[in-house]
Structure formats: structure tokens, C-alpha cells
Amino acid sequence: MSSVIDSLNAPQKEAALTLDKDVRIIAGAGSGKTRVLMARIASLVDNGILPWRILAITFTNKAAREMKERLQTLLQDAARDVRISTIHSLCVRILREDASAIGYPKNFTILDGDDQKSMLRTIYKELDMDRTTFPPAAVLGKISGWKTAGYSPEEAQDQTDGPEAKAYELYERQLEDMKAMDFDDLLLKTRHLLGTNQEVRDKWQNRLDYIHVDEFQDVDPVQYDIIRLLKRPDAFLCVVGDPDQTIYTWRGAAVDIILNFARDFPNTRTVILNENYRSSQTILDAANALIAHNHGRIEKDLFSSIESDRKIETFQAQDESQEPLQVARDITRARKEGLEYRDIAVLYRSNYLSRGIERVLGKLRIPYRIYGGIRFYERQEIKDMLSYLKLITEPDPEDPAQKSLDLAVMRVINVPRRGIGARTVEKLQKEAADRGLNLLEVLRDPQTVSGAAAKKFAPFVELVDEMKSLRASVPLDELMMRMAFDSGYMAMLKDTREEDREENIEELQADIRQALQENPDLTLEEYLQDLSLFTDRDEEAGNAVSLMTVHAAKGLEFEQVHIVGLNEGVFPSLRAMEEAGRDGLEEERRLMYVAMTRAKKALYLSWNSGYSFQLDRHKTPSRFIQEIPEDYVKQESTPLDNYPVHKSPQGQSRKSRGRTPKPTTRLRKGDHVEHTVYGAGMVTDVQKDIVSVAFGHPNGVRKLNMHHPSLQKVKG
Numbered sequence: 001m002s003s004v005i006d007s008l009n010a011p012q013k014e015a016a017l018t019l020d021k022d023v024r025i026i027a028g029a030g031s032g033k034t035r036v037l038m039a040r041i042a043s044l045v046d047n048g049i050l051p052w053r054i055l056a057i058t059f060t061n062k063a064a065r066e067m068k069e070r071l072q073t074l075l076q077d078a079a080r081d082v083r084i085s086t087i088h089s090l091c092v093r094i095l096r097e098d099a100s101a102i103g104y105p106k107n108f109t110i111l112d113g114d115d116q117k118s119m120l121r122t123i124y125k126e127l128d129m130d131r132t133t134f135p136p137a138a139v140l141g142k143i144s145g146w147k148t149a150g151y152s153p154e155e156a157q158d159q160t161d162g163p164e165a166k167a168y169e170l171y172e173r174q175l176e177d178m179k180a181m182d183f184d185d186l187l188l189k190t191r192h193l194l195g196t197n198q199e200v201r202d203k204w205q206n207r208l209d210y211i212h213v214d215e216f217q218d219v220d221p222v223q224y225d226i227i228r229l230l231k232r233p234d235a236f237l238c239v240v241g242d243p244d245q246t247i248y249t250w251r252g253a254a255v256d257i258i259l260n261f262a263r264d265f266p267n268t269r270t271v272i273l274n275e276n277y278r279s280s281q282t283i284l285d286a287a288n289a290l291i292a293h294n295h296g297r298i299e300k301d302l303f304s305s306i307e308s309d310r311k312i313e314t315f316q317a318q319d320e321s322q323e324p325l326q327v328a329r330d331i332t333r334a335r336k337e338g339l340e341y342r343d344i345a346v347l348y349r350s351n352y353l354s355r356g357i358e359r360v361l362g363k364l365r366i367p368y369r370i371y372g373g374i375r376f377y378e379r380q381e382i383k384d385m386l387s388y389l390k391l392i393t394e395p396d397p398e399d400p401a402q403k404s405l406d407l408a409v410m411r412v413i414n415v416p417r418r419g420i421g422a423r424t425v426e427k428l429q430k431e432a433a434d435r436g437l438n439l440l441e442v443l444r445d446p447q448t449v450s451g452a453a454a455k456k457f458a459p460f461v462e463l464v465d466e467m468k469s470l471r472a473s474v475p476l477d478e479l480m481m482r483m484a485f486d487s488g489y490m491a492m493l494k495d496t497r498e499e500d501r502e503e504n505i506e507e508l509q510a511d512i513r514q515a516l517q518e519n520p521d522l523t524l525e526e527y528l529q530d531l532s533l534f535t536d537r538d539e540e541a542g543n544a545v546s547l548m549t550v551h552a553a554k555g556l557e558f559e560q561v562h563i564v565g566l567n568e569g570v571f572p573s574l575r576a577m578e579e580a581g582r583d584g585l586e587e588e589r590r591l592m593y594v595a596m597t598r599a600k601k602a603l604y605l606s607w608n609s610g611y612s613f614q615l616d617r618h619k620t621p622s623r624f625i626q627e628i629p630e631d632y633v634k635q636e637s638t639p640l641d642n643y644p645v646h647k648s649p650q651g652q653s654r655k656s657r658g659r660t661p662k663p664t665t666r667l668r669k670g671d672h673v674e675h676t677v678y679g680a681g682m683v684t685d686v687q688k689d690i691v692s693v694a695f696g697h698p699n700g701v702r703k704l705n706m707h708h709p710s711l712q713k714v715k716g
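Numbering (the UniProt record's numbering), first residue to last: 1 to 716.
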């Protein structure tokens with residue numbers, strides 16, 4: 001045991017050996033907090049504290065397993081008796097023993113995700129709710145939010161006109177009838193039990209002398225209440241966390257809990273662990289400078305004995321296609337220098353930003369994996385929109401039976417909801433098979449489809465026919481967006497407030513636009529074929545570059561890290577700043593701090609120029625770039641002229657080589673215009689080549705490139 005303590009630095013020893021006070025350990029990134037926590041528990045056992053009177057709470061099963069394994073090495077058999085548990089597992093243990101005090105049997109049922117969705121199916125039928133318009137995951141998320149915030153079903157119904165609050169009421173009623181609990185109930189019922197029943201509270205408090213909580217910066221108010229209710233006045237509480245890494249406030253975490261801990265527990269010693277064993281000093285200096293702009297924090301500067309002359313490399317791409325090329329170039333260079341792909345990560349603020357990186361890495365045969373997420377072209381909304389596009393393609397001579405077309409029809413015929421059930425689709429499939437037709441042909445046949453069924457199918461068939469007629473006159477990227485709007489798909493996403501999925505569709509439009517810029521004669525069929533070749537590639541699970549959001553990267557480390565999409569409004573997120581003001585900005589800065597401190601040796605920061613259709617404005621570098629002192633930064637300027645470019649396999653046609661765009665009439669404020677998708681409108685503002693145009697309802701004001709062929713000036 002003494003050898004473990006001797007191996008700790010001075011602050012680590014203080015944290016491990018302070019056993020007569022409550023302790024708040026402010027543990028910077030890479031500062032060895034788990035090692036300290038294990039040494040502390042081992043020290044308690046070494047000092048005669050009974051192992052089963054020691055509790056360590058963490059928040060993932062993986063972290064709990066790792067703690068047990070490490071403690072086993074230190075304590076051997078005694079480690080088995082230390083209570084190491086996730087917060088949910090602890091609550092289950094308490095409720096299994098004492099749930100009868102609040103009217104539940106000891107063998108109450110715990111609902112998992114599948115059970116919850118099964119319950120929702122019956123509720124959806126009763127309320128005539130559509131699963132497409134109201135995805136079960138989104139509805140369950142709302143119910144969870146209401147429960148955790150303490151809103152009853154009646155109070156939730158006062159907040160919204162949608163059916164979700166009524167679904168919440170029926171959901172809670174079913175839980176009560178079944179005497180069952182979901183994961184939120186495990187916490188809420190435990191808090192209620194401990195808070196209202198002194199006998200039960202005293203029993204559990206008297207079992208615990210030392211309580212430890214890991215990742216304390218991520219604790220929410222309900223969890224904090226449970227922890228406080230478990231601690232008797234003469235017991236000791238040790239919490240470990242880093243306010244600078246609080247990045248889950250959207251999930252209920254409250255940074256004030258760790259900041260104000262000493263106010264709640266006056267007998268507290270605060271120990272700061274700021275020696276980092278992961279990153280170079282240059283990376284830490286830059287991260288320290290960045291996070292110093294936040295106000296809601298406990299001041300600390302990370303330092304490291306890992307010296308390096310290597311600066312952080314930044315790169316401003318000319319456009320969104322050049323940025324992933326530069327990332328690929330740097331990855332290839334690192335690989336040639338001996339770094340494994342698995343040692344490299346590409347981090348981004350939002351999932352939609354993976355698209356460009358995936359495209360380039362896939363084309364250059366650089367193996368990659370999406371960590372904690374789904375590949376861009378495999379996401380539900382992307383597959384839906386590609387299926388819509390498939391409906392307006394020309395017949396494939398290699399698929400005479402049009403099976404791929406039928407698959408597309410089956411995927412989207414009732415998305416959004418059109419009142420077309422599975423049984424109806426089965427009848428259509430049988431009719432098509434019997435007559436040797438594809439599903440679209442059957443839908444167009446008045447002999448097959450008539451009466452009420454015809455009314456359901458007619459809008460779908462009309463949409464397909466109209467979009468097909470526009471192929472020759474409307475650019476492919478805008479045609480896709482028109483299908484997204486005219487089909488009702490975008491309205492469906494707006495109704496369910498699934499902004500990430502909307503962003504993914506906008507990013508698909510950017511993907512098509514980029515493909516057209518590279519090959520203006522690219523056909524829809526060629527584009528879809530290109531994607532099929534791209535998505536058929538197998539993922540190399542072992543030695544592969546990791547692509548992930550910054551949230552998913554928490555707790556991980558890599559030799560080389562690329563943070564991409566560092567544009568103002570993207571990272572930091574405009575949505576986060578609009579919704580939470582300065583608090584939102586500070587959380588975004590903490591997120592950037594987490595991203596930077598994932599890197600051990602090499603850190604690359606990049607952003608791109610041009611116009612953002614997501615933000616409706618010209619792109620500017622993130623303020624976080626400006627907050628990093630120039631002393632730690634080196635601007636990359638390597639030309640990409642000789643690097644493999646992002647081309648479709650078909651390449652440019654002969655007609656497109658050497659083509660220069662025809663000059664267009666410059667537009668002025670007040671000009672009347674006609675747009676192939678949005679119709680007639682009037683220019684309300686001009687900023688260089690970008691015009692704001694007011695269109696009729698429901699299109700509103702749109703910002704467009706005045707030179708795009710879809711926009712034409714007309715006489716007023």
C-alpha cells in the first residue's frame with residue numbers, strides 16, 4: 001500500500017490521505033483522478049475502515065467495472081466488499097430492500113428501452129399518434145425531461161398543445177397500474193423514499209462511513225439530493241470532478257453543484273490536481289488560455305512534464321470541400337511517419353459535420369469508424385431522402401425488375417404519414433408481383449387503386465411525377481430540398497423539433513451541391529451510384545481513424561487530434577448561445593477545452609470559408625481560435641494542388657472541362673426574381689454575391705447566391 005501512496009505527487013497524496021474531512025478533488029484532464037480515488041479507498045481499508053462501509057458511485061457500468069478491477073489489484077479479496085456502483089444500480093439496491101415503504105413490491109418491474117417503446121405502441125393507438133411524426137425516442141425524451149424537472153402530467157399539458165403530454169399521462173398511469181418503474185423512477189422514487197421515510201434513511205446512512213462520487217461535475221440535482229440523503233452528519237463525502245469539463249447541462253447536469261460544494265459542506269478541503277500526464281505543455285497552455293475566458297469555474301492551470309516544440313497547427317480552408325482534404329493529407333503524413341490510424345481522431349461539434357470527412361476518407365481508402373454514432377449515409381433521414389430521389393430516376397437496365405425502386409417506395413410511401421398501412425403495402429406488392437409491374441406502376445393504375453385508397457396514394461404519385469418533370473430545369477441539390485419540403489418531410493422534423501435531423505438533410509444538400517461543382521454534368525443516377533459504391537465499403541474496426549462528436553470523446557485520448565468545423569455559429573453552436581446566453585457560450589468553451597485536451601502530441605484546428613446555408617451567412621472563424629494565443633499556434637499553408645481531389649468516379653465530362661460560368665446580371669435591392677424551387681420573390685438585401693429574397697408563404701426570406709442558375713431576374 002505504501003508503494004502506491006509513494007508513487008503519487010503531493011496533491012494526489014493529500015487527496016488520498018485526507019480522511020477526516022469532506023474532500024472536493026478538482027481533477028484536471030489527464031491528472032490521474034481514478035488512480036487517486038483507488039489509492040484513497042485502499043488507504044481507508046489500510047486504516048481499518050470496513051470495506052462494506054465504503055461506497056464509490058460512478059455513472060457508467062464501464063467505469064464501475066474498471067474501478068473494481070483496479071481496486072482488486074490493490075486490495076485483493078477485500079476489494080469484493082467495497083460498494084462500487086452506478087447511481088442507478090445503487091438505487092435499485094435500495095428500492096429492492098425498501099420499496100414497500102412507498103407502496104411498491106420488492107420485485108417491482110424495471111422497464112428497459114424496449115419495454116417503454118412497447119408501452120408507447122398501445123398509447124399511440126389510443127391517441128391516434130403517428131410514430132413517424134412523433135418518434136418514440138423523442139416522446140420518451142420529453143417524458144423523461146418532464147419527470148426529472150418535477151412536472152406532473154397535468155402541468156406538462158399546460159406547457160404544450162401537442163399529444164406528448166397526454167401520452168405522458170397515460171404512460172404514468174400504466175406504470176402505476178403495473179407497479180413498474182423506468183430508469184428515471186429509480187432515481188426519483190429513491191429520492192422520495194429517503195426524503196420522506198426517516199427510518200429507511202437512518203438505516204442506509206448508518207451503513208456508510210465514506211461516500212465517493214466520481215465525475216461529480218456531471219451530477220444533476222436529483223442525483224445530488226440522493227447523495228446528500230445518504231450521508232449522515234459524521235460520515236465523510238469525497239467528490240471528484242472538473243467544472244471545466246461540465247458538458248452535459250442539456251442532460252440536467254448543473255455546474256453550480258461542484259462549484260458550491262464547500263457551501264453545502266463547510267468542513268470541506270479542496271484539492272486541485274493540475275499535473276497532466278497526457279498532453280504536451282503547448283497543448284495545455286493553449287487549453288488553459290482558452291478556458292480562462294470562462295467565469296463559472298475554479299481557477300487552475302494544467303501543467304505537464306511532457307515538453308514539446310510542436311505547436312498547434314491551424315488551417316483555414318477555402319471552402320467546405322478543402323477542409324476534409326487537408327485533414328486526410330495530415331492523416332496520411334502521420335501514417336507515413338509511423339502513427340497508427342487508431343491513434344488519430346477527428347472531432348466535430350455536431351453529427352452532420354462528419355459527412356465531408358467520411359466522403360474524403362472513404363474515397364482515399366483511409367479506414368475510419370464512427371465512434372458512438374451512425375455513419376452519415378446510414379442515418380434514417382439521409383436514407384429516406386435518397387429513397388425519395390430514387391423514385392425519380394430513370395429505369396436501371398441492370399435491374400429490370402426495379403427491385404431497388406420498390407424498396408425505395410416501401411421505405412417512404414408512408415413517411416410522413418399518409419394513412420397507408422403495412423397490409424395495404426403487402427397487397428400492392430402482391431399485385432405488382434402477379435402482374436410483373438413495379439410498385440409505382442401499380443400505384444398509377446386506376447384498375448388497381450381506386451376509391452379511398454386512390455385518395456391516399458394520389459398525393460404521393462403526384463409528388464413523384466412533379467419532381468420527375470422538374471429534373472431538367474432544377475439543379476439536383478435544390479430538387480432534393482424541394483422534395484424534402486413538398487413531401488412534408490421537413491415539416492415532420494420541425495413538428496418533432498429534431499433539429500439534428502434537419503441539419504443532416506441540409507448537409508445532404510451541401511453534398512450534392514459539392515458533387516455538382518466538381519462535375520456540373522453529374523446525373524442523379526450517377527450520384528446515387530457513387531454513394532452505393534461508397535457505402536458498400538466495410539468498416540475496419542481495428543486500425544481505423546476515429547470520427548466522433550466532442551461529447552462522445554469525453555474520457556478518451558489520442559496521439560493526434562483534429563478538431564474540424566471551427567466556424568462561429570457551428571462551434572460555438574449558435575443554438576446553444578441563443579438558448580442559454582452566456583451560460584451556453586461557457587458550456588461551448590468547456591466543450592472546446594475537452595476537445596483540445598484529448599490530444600497527447602499533435603493537435604490540428606481547422607475551419608472553412610464561404611457561405612453557410614445552415615447559418616444563412618458568410619462563415620467566420622470561431623472565436624475560440626482567437627482566444628488561443630498566437631505563441632502556441634502555427635498556420636498550415638501547404639498547397640493541396642497535387643493531393644488527390646474529391647471527385648466522383650465518373651469524373652468530369654468532356655463538355656464540362658474548361659467550362660466557365662456565364663456571367664449573370666447583378667441583382668439589386670428591389671429587383672423581382674423567379675426561383676425554380678421557391679417561386680416569385682423580391683430582393684430585400686444584397687451582400688456581395690449573396691442576396692436576401694422574400695418569397696411567398698411558406699418559403700419566407702431566403703439567402704441565395706445571385707449567380708446560381710436557379711435564380712433569374714424578371715421584370716417587375
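The beta-carbon is built from N, C-alpha and C at its ideal position, and this holds for glycine as well.
Assigned with DSSP and collapsed to three states, Gln318 falls in coil, not helix or strand.
Secondary structure at Asn260: coil, using DSSP grouped into helix, strand and coil. As a beta-bridge residue in DSSP terms, Asn567 pairs with Pro621.
Note on His295: under 16 other CB atoms within 10 angstroms of its CB, so exposed under the neighbour-count rule.
Remark: C-beta atoms of Val219 and Ile227 approach each other more closely than 9 Å.
With 16 or more other CB atoms across the displayed protein chains lying within 10 angstroms of its CB, Ser606 is buried.
Setting aside the 5 residues that flank it on each side, Leu208 is surrounded in the same chain by Arg53, Leu55, Leu230, Ala235, each with a C-beta closer than 7 Å to its C-beta; the list follows chain order. In the three-state reduction of the DSSP assignment, Asp161 falls in the coil class, being assigned neither a helical nor a strand state.
If you compare the alpha carbons of Pro572, Glu627, Arg617 with that of Asp689, the shortest gap goes to Arg617. Residue pairing for Leu605: DSSP places it in a beta bridge opposite Thr314, Ile563. Taking Leu531 as reference, the option from Ala78, Arg575, Ala515 with the minimal CA-CA separation is Ala515.
Straight-line measurement puts the Cα of Ala289 at about 11 Å from the Cα of Asp631. Scanning Arg96, Lys62, Ile49, Glu66 for the CA closest to the CA of Ala78 turns up Ile49. For Lys62, the enclosing alpha helix (DSSP H) starts and ends at 61 to 75. CA-to-CA, the gap between Tyr388 and Leu547 works out to about 28 Å. A straight line joining the alpha-carbon of Glu320 with that of Tyr352 spans about 13 Å. Residue pairing from DSSP leaves Ile366 without any beta-bridge partner. DSSP, reduced to helix, strand and coil, places Ala137 within a helical segment of the structure shown. Between Gln12 and Val45, the C-beta gap is not smaller than 9 Å, which leaves the two residues out of contact.
Under DSSP, Gly681 takes part in a beta bridge, and its partners are Val673, Phe695. Within the same chain, and ignoring the five residues on either side of Tyr124 in sequence, the residues whose Cβ sits closer than 7 Å to its Cβ are Arg131.
Of the candidates Glu588, Gly569, Val564, Val564 places its Cα closest to the Cα of Leu603. Between the C-alpha atoms of Phe59 and Glu275 there is a straight-line separation of about 24 Å.
DSSP, reduced to helix, strand and coil, places Phe108 outside both helices and strands of the structure shown, so it counts as coil. Relative to the Cα of Ile625, the nearest Cα in the group Gly141, Leu95, Lys703, Met592 belongs to Met592. For the options Ala694, Arg589, Asn414, Arg482, the alpha carbon positioned closest to that of Lys456 is the one of Asn414. By the beta-carbon neighbour count (other beta carbons within 10 angstroms, threshold 16), Ala595 is buried.
The stretch 181 to 192 makes contact with the stretch 109 to 127; the number of CB pairs closer than 8 Å reaches 3 or more. Note on Ser469: under 16 other CB atoms within 10 angstroms of its CB, so exposed under the neighbour-count rule. For Thr282, the secondary structure class from DSSP, reduced to helix, strand or coil, is helix. Non-local C-beta neighbours of Arg335 in its own chain, meaning closer than 7 Å and more than five positions away in sequence, comprise Tyr341, ordered along the chain.
Annotation for Arg278: Gly30, Glu557, Lys600 place their beta carbon closer than 6 Å to its own, counting only its chain and skipping 5 residues before and after.
Collapsing the DSSP output to three states places Tyr248 in coil. Following the DSSP letters along the chain, one finds Asn705 inside the beta strand (DSSP E) bounded by residues 701 to 705. For Thr86, the uninterrupted beta strand (DSSP E) segment begins and ends at 83 to 86. Taking the CA atoms as reference points, Lys383 sits about 16 Å from Gly488.
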